[in-house]
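Residue numbering for the sequence shown follows numbering that gives the first Met the number 0, starting at 0 and increasing by one per position. Following: one structure in structure tokens, then a few remarks.
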Amino acid sequence: MDFKGRRVLAMILLLMILLTFIGGCGKGNEPAGSKTPSDQSSSGDADGSGDGDKAGEERPLYVIKRLTSPTKIKMSDETVIGEYIKEKFGIVFEFVPYTGDIREKQNLMLAAGDYDEIQDMQREDMV
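Below you can see the structure in the form of structure tokens.
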């Protein structure tokens, strides 16, 4: 490829990168953190039943699938630090233990796009 062809290719790649950045800076969407917890919970249950939250019932905002053996603590507000986080930020974590091969389950969840909000991704064999 001669010098002129490389220059044209470089300009096309630069234009594609600039269009990608410009497309990501649109004002049409709300920021990800702009929803309040009441907005998130008013859309119904995650299982599609449409029941929504019952009055006075708290649901965890995030689900963490623990990578260690199960413990006695099921919700983060059962500890002193978890109670402080709940009071300060309104966030409650639910701890759900894994059974079986953790690496295989994480790879499967990542490949399917159905992964949790917080993942331990320090292994070399992750996708």
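Where is the CB? At the ideal position from N, CA and C, for every residue including glycine.
Residues E82, K85, V91 of the same chain have their beta carbon placed closer than 6 Å to that of D76, with the five preceding and five following residues left out of the count.
Residue pairing for M74: DSSP places it in a beta bridge opposite E93. Rounded to whole angstroms, the gap between the alpha carbons of L17 and M108 is 32 Å.
Contact annotation, K73 with F94: C-beta distance approximately 6 Å; criterion of less than 8 Å satisfied. Shown here, E116 sits in coil according to DSSP, grouped into three states, outside any helix or strand. Distance between K3 and A110, taken at the CA atoms: about 41 Å.
Residue state for G99 is assigned as coil, using DSSP reduced to three classes.
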